[in-house]
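Reading through the structure tokens given below for one structure.
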Amino acid sequence: MVQYTNPEIARKRLADVILPKSGISDLKVLGAFRKIPRHLFVEEALQLRAYEDKALPIGHGQTISQPSTIGMILQTLDLTGKERVLEIGSGSGYQSALLACLAENVFTIERIPALAKQAWNRLSSLGISNVAIRTGDGTYGWPDQSPYDAILVSAGSPGIPDHLIQQLRVGGRMMIPVGGAKTQRLIKIVKRPSGIERSELDLCQFVKLIGKFGWEKKQTNVQKETHELD
Ligand code: SAH
Numbered sequence: 001m002v003q004y005t006n007p008e009i010a011r012k013r014l015a016d017v018i019l020p021k022s023g024i025s026d027l028k029v030l031g032a033f034r035k036i037p038r039h040l041f042v043e044e045a046l047q048l049r050a051y052e053d054k055a056l057p058i059g060h061g062q063t064i065s066q067p068s069t070i071g072m073i074l075q076t077l078d079l080t081g082k083e084r085v086l087e088i089g090s091g092s093g094y095q096s097a098l099l100a101c102l103a104e105n106v107f108t109i110e111r112i113p114a115l116a117k118q119a120w121n122r123l124s125s126l127g128i129s130n131v132a133i134r135t136g137d138g139t140y141g142w143p144d145q146s147p148y149d150a151i152l153v154s155a156g157s158p159g160i161p162d163h164l165i166q167q168l169r170v171g172g173r174m175m176i177p178v179g180g181a182k183t184q185r186l187i188k189i190v191k192r193p194s195g196i197e198r199s200e201l202d203l204c205q206f207v208k209l210i211g212k213f214g215w216e217k218k219q220t221n222v223q224k225e226t227h228e229l230d
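For the sequence shown, our numbering gives the first residue as 1, with consecutive numbering after it.
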């Protein structure tokens with residue numbers, strides 16, 4: 001375990017050493033990691049571990065995603081700074097903050113109200129003003145604000161929700177982990193005038209996308225699920 005006492009130095013090491021080793025070379029993406037203080041997106045007891053390349057618990061059985069996985073997704077999206085982006089699964093708000101550095105407008109949906117509120121407070125306290133957040137089932141998307149140039153789903157889904165494809169602009173791209181409850185394959189979708197182009201990227205491990213067009217939430221599984229995800 002790499003521990004640090006100075007978050008500034010640890011953050012710089014994440015962007016300058018750890019992420020490039022995992023194949024992240026896009027300077028804009030690395031710049032966003034250098035700028036956003038990940039330790040402020042986890043609870044105090046975990047702050048010393050915030051700049052390890054690890055997913056960490058954020059409560060409610062959810063996790064803040066692993067930096068190299070987020071980095072790979074952001075690098076693949078290849079944002080220019082002008083995009084309108086939809087994110088499903090705000091979680092801690094960390095990835096939303098990175099997206100705020102790389103796109104013009106970010107719309108993010110979180111199903112757990114307490115996480116959405118906490119993410120909002122963190123983003124506001126950092127002075128980030130181009131992110132709109134709402135609580136709800138993101139498998140329906142956020143139609144009022146569509147179409148989007150990019151959609152990023154940060155929870156694992158059994159399939160690709162149709163609503164999300166509908167809300168993607170022609171020429172737009174979507175990244176979504178698709179597969180089982182524990183392991184998924186990252187899928188990149190590009191919406192072309194002629195249809196959908198789909199490519200398969202790395203294996204990954206995200207928490208479940210729970211909703212109408214994701215995994216079903218069964219009341220009896222709540223306890224078990226929380227355990228598994230911890
Ligand atoms: N990128 C986030 C990762 C959060 S984990 C971060 O870095 O912190 C995935 C999040 O997706 C969890 O907070 C979970 O509650 C949320 N989620 C799961 N299903 C959802 C759905 N249908 N709509 C919106 N959010 C969902």
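Glycine included, each C-beta is placed from N, C-alpha and C at the ideal position.
{"query": "CB-CB length for Val106 against Ala114, believed under 8 angstroms", "result": "About 20 angstroms separates the two Cβ atoms, so there is no contact after all."}
{"query": "Three-state secondary structure assigned by DSSP to Glu236", "result": "For the chain, the structure presents residues 1 to 230; residue 236 sits outside this window and is missing."}
{"query": "Neighbourhood of Ile128 by C-beta, 7 angstroms cutoff - its chain only, sequence neighbours within 5 removed", "result": "Ala97 and Ala100"}
{"query": "Helix, strand or coil at Phe107 [DSSP, three-state]", "result": "strand"}
{"query": "Three or more C-beta pairs below 8 angstroms linking the segment 172-185 and the segment 42-56", "result": "no"}
{"query": "Ligand 1 heavy atom lying under 7 angstroms from the CB of Leu115", "result": "yes"}
{"query": "Rounded straight-line distance, which links the Cα of Ala32 to that of Gly81", "result": "12 angstroms"}
{"query": "Under 8 angstroms between C-beta atoms of Ala119 and Gly141", "result": "no"}
{"query": "Ala50 versus Glu87: straight-line alpha-carbon distance, rounded", "result": "22 angstroms"}
{"query": "Candidates Ala155, Asp162, Val170 and Ser125, of which the one nearest Pro147 by Cα", "result": "Val170"}
{"query": "Whole-angstrom distance between Tyr94 and Leu56, CA atom to CA atom", "result": "12 angstroms"}
{"query": "Extent of the continuous alpha helix (DSSP H) run through Ser122", "result": "According to the sequence shown, residue 122 is Arg rather than Ser. Taken as a continuous stretch (DSSP letters only), the alpha helix (DSSP H) holding Arg122 covers Pro113 to Ser125."}
{"query": "Per-residue DSSP class, three states only, for Asp234", "result": "Because the chain spans 1 through 230 in this model, residue 234 falls outside it and cannot be assessed."}
{"query": "Environment of Thr108 [buried if 16+ CB atoms lie within 10 Å]", "result": "buried"}
{"query": "Among Pro177, Val29, Thr63 and Gln75, the one whose alpha carbon lies nearest that of Ile112", "result": "Thr63"}
{"query": "Paired residues, beta bridge with Thr63 - DSSP", "result": "Pro57"}
{"query": "Tyr94 CB to nearest heavy atom of ligand 1 below 7 angstroms", "result": "yes"}
{"query": "Proximity to Ala103 [Cα-Cα], best of Asp144, Ser124 and Val29", "result": "Val29"}
{"query": "Cα-Cα separation, Ala10 to Gly195", "result": "44 angstroms"}
{"query": "Residue nearest to Trp215 in terms of C-alpha spacing, selected from Gly156, Leu152, Glu52 and His163", "result": "Gly156"}
{"query": "Any 3 or more C-beta pairs closer than 8 angstroms across the segment 156-167 and the segment 202-215", "result": "yes"}
{"query": "Expected contact under 8 angstroms - CB spacing of Thr69 and Met175 to nearest Å", "result": "Contact flag wrong, Cβ pair sits at about 10 angstroms."}
{"query": "Endpoints, the beta strand (DSSP E) within which Lys191 is located", "result": "Gln184 to Arg192"}
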